[in-house]
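Novice:
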Amino acid sequence: MVSVARSPGDQQLPKHVAIIMDGNGRWAEMRGIPRVEGHRRGANVVNDVVKAAHELGVECLSLYAFSSENWSRPKSEVRALMALLSWLLPKQLEQMMAQGVRLSTLGDLSQLPLRTQKVLHQAINKTQNNQGLHLVLCLNYGGQQEILAAAKELALQTLISNDPQSFLAQTHLETFRAMMWRNELPVVDLLIRTGGEYRISNFHLWDAAYAELYFDAVLWPDYQAEHLIAALKEYSNRERRFGLISAQVAPHE
Ligand code: FPP
Numbered sequence: 005m006v007s008v009a010r011s012p013g014d015q016q017l018p019k020h021v022a023i024i025m026d027g028n029g030r031w032a033e034m035r036g037i038p039r040v041e042g043h044r045r046g047a048n049v050v051n052d053v054v055k056a057a058h059e060l061g062v063e064c065l066s067l068y069a070f071s072s073e074n075w076s077r078p079k080s081e082v083r084a085l086m087a088l089l090s091w092l093l094p095k096q097l098e099q100m101m102a103q104g105v106r107l108s109t110l111g112d113l114s115q116l117p118l119r120t121q122k123v124l125h126q127a128i129n130k131t132q133n134n135q136g137l138h139l140v141l142c143l144n145y146g147g148q149q150e151i152l153a154a155a156k157e158l159a160l161q162t163l164i165s166n167d168p169q170s171f172l173a174q175t176h177l178e179t180f181r182a183m184m185w186r187n188e189l190p191v192v193d194l195l196i197r198t199g200g201e202y203r204i205s206n207f208h209l210w211d212a213a214y215a216e217l218y219f220d221a222v223l224w225p226d227y228q229a230e231h232l233i234a235a236l237k238e239y240s241n242r243e244r245r246f247g248l249i250s251a252q253v254a255p256h257e
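Basically this note's numbering = 1-based index in the sequence shown + 4.
(1) Identify, in the order they occur along the chain, each residue of the same chain with its Cβ nearer than 6 Å to the Cβ of Gly-111, setting aside the five sequence neighbours on each side.
(2) Grouping DSSP H, G and I as helix and E and B as strand, with all else coil, what is Glu-230?
(3) Just tell me which of Arg-39, Phe-246, Leu-232 and Asp-220 has its CA closest to the CA of Ala-212.
(4) Got a sec, what are the start and stop residues for the alpha helix (DSSP H) Phe-171 sits in?
(5) Cβ of Ile-25 within 7 Å of any heavy atom in the ligand FPP?
(6) Which residue comes first and which comes last in the beta strand (DSSP E) that contains Arg-242?
(7) With distances taken between CB atoms, is the gap from Pro-225 to Trp-75 smaller than 8 Å?
(8) Determine which residues share a DSSP beta bridge with Leu-65 and list them.
(9) The beta strand (DSSP E) spanning Thr-109 covers which residue range?
(10) If you check the beta carbons only, do Leu-17 and Leu-60 fall under 8 Å apart?
(11) Using 8 Å as the threshold, is the C-beta distance between Met-275 and Trp-210 below it?
(12) Distance, Cα to Cα, Ser-7 vs Ala-56?
(13) Closest to Phe-180 by CA distance: which of Val-192, Ser-165 and Lys-156 is it?
(14) May I ask you to verify whether the stretch 78 to 91 touches the stretch 113 to 127, counting CB pairs closer than 8 Å and requiring at least 3?
(15) Under three-state DSSP, which class holds Phe-207?
(16) Mind reading off the beta-carbon distance from Tyr-214 to Tyr-239? Whole number of angstroms is fine, and I expect it under 8 Å.
(17) Check the DSSP bridge columns for Ile-128 and list the partner residues they point to.
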């Protein structure tokens with residue numbers, strides 16, 4: 005296990021680390037090569053980061069691999085990203101099995117090419133009983149779309165309930181979250197974005213309410229275990245107050 009230095013007031017490792025893997029295109033453009041090469045290099049980095057997260061003891065790692073809005077990119081880039089996924093997953097399967105990684109997805113898979121869906125379902129089924137890191141690939145995912153889907157589910161459940169008024173009165177934040185695609189995921193503790201930009205880009209909007217945000221200038225294809233360790237160290241020194249004041253959350257002597 006890689007050690008993350010501790011200091012007074014440190015908290016546990018984040019249970020759920022989410023990463024916006026940004027900068028593939030710029031990485032390639034800076035080298036005068038096609039953007040797709042940046043994605044290819046970025047896909048290889050995923051392997052190393054999964055391994056590092058596993059060794060660091062992170063419970064859940066979610067990666068923003070394709071947003072609901074990414075469909076509007078040039079067709080050739082979308083095709084290349086889908087092909088990369090289909091190529092990467094079978095290649096990673098052996099490592100995932102060896103490390104006990106369990107794969108799942110977040111987002112609407114039904115619009116993905118059938119070949120990509122098939123490869124994903126095979127990997128999800130094969131790794132379903134693994135007990136190690138939970139790796140969540142966010143594909144055709146959008147935070148606004150996820151909240152809208154939950155709102156529709158709430159409306160539907162309200163309509164068919166015997167007592168709509170009390171059903172709604174009994175719907176709290178937790179019960180609403182349970183209607184979301186993320187219902188089986190731990191709440192995001194640490195949200196990292198690479199590539200030097202300061203946006204959430206429709207990722208994990210619900211959990212972003214109190215996630216710690218960490219922006220790293222490094223472009224995703226250059227991301228290494230040391231960058232993840234730096235983010236975890238910074239997280240361990242943050243005070244998470246969830247709207248309270250410091251005296252209420254500070255550990256007692
Ligand atoms: C953002 O970089 C990255 C993406 C839209 C795709 C992320 C995909 C990968 C890392 C590779 C495939 C991943 C898996 C899990 C198979 P950008 O293209 O927006 O970069 P830019 O901001 O420099 O243009």
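Note that CB positions come from ideal geometry on N, CA and C, so glycine has one too.
Specialist: Judging by the given coordinates:
(1) Cys-142, Leu-143, Asn-144 and Tyr-145
(2) helix
(3) Phe-246
(4) Secondary structure note for Phe-171: its alpha helix (DSSP H) is the uninterrupted segment 168 to 173.
(5) The question names Ile, but residue 25 in the sequence shown is Met. Yes - the ligand FPP has a heavy atom lying nearer than 7 Å to the Cβ of Met-25.
(6) Arg-242: not part of any beta strand (DSSP E); DSSP gives it neither H nor E.
(7) No; because the gap between Cβ atoms is not below 8 Å, this pair is not in contact.
(8) Val-21 and Leu-139
(9) 106 to 110
(10) It is a contact, given that the beta carbons lie within the stated cut-off.
(11) The requested residue 275 is not part of the displayed model; the chain covers only 5 to 257.
(12) Confidence is the limiting factor: at Ser-7 the pLDDT is only 48, short of 50, which leaves the residue's position unreliable, though a coordinate-based value still follows. For Ser-7 and Ala-56, the distance between alpha carbons rounds to 11 Å.
(13) Lys-156
(14) yes
(15) coil
(16) Not really, about 13 Å apart at Cβ, beyond 8 Å.
(17) Paired residues: none, contrary to the question.
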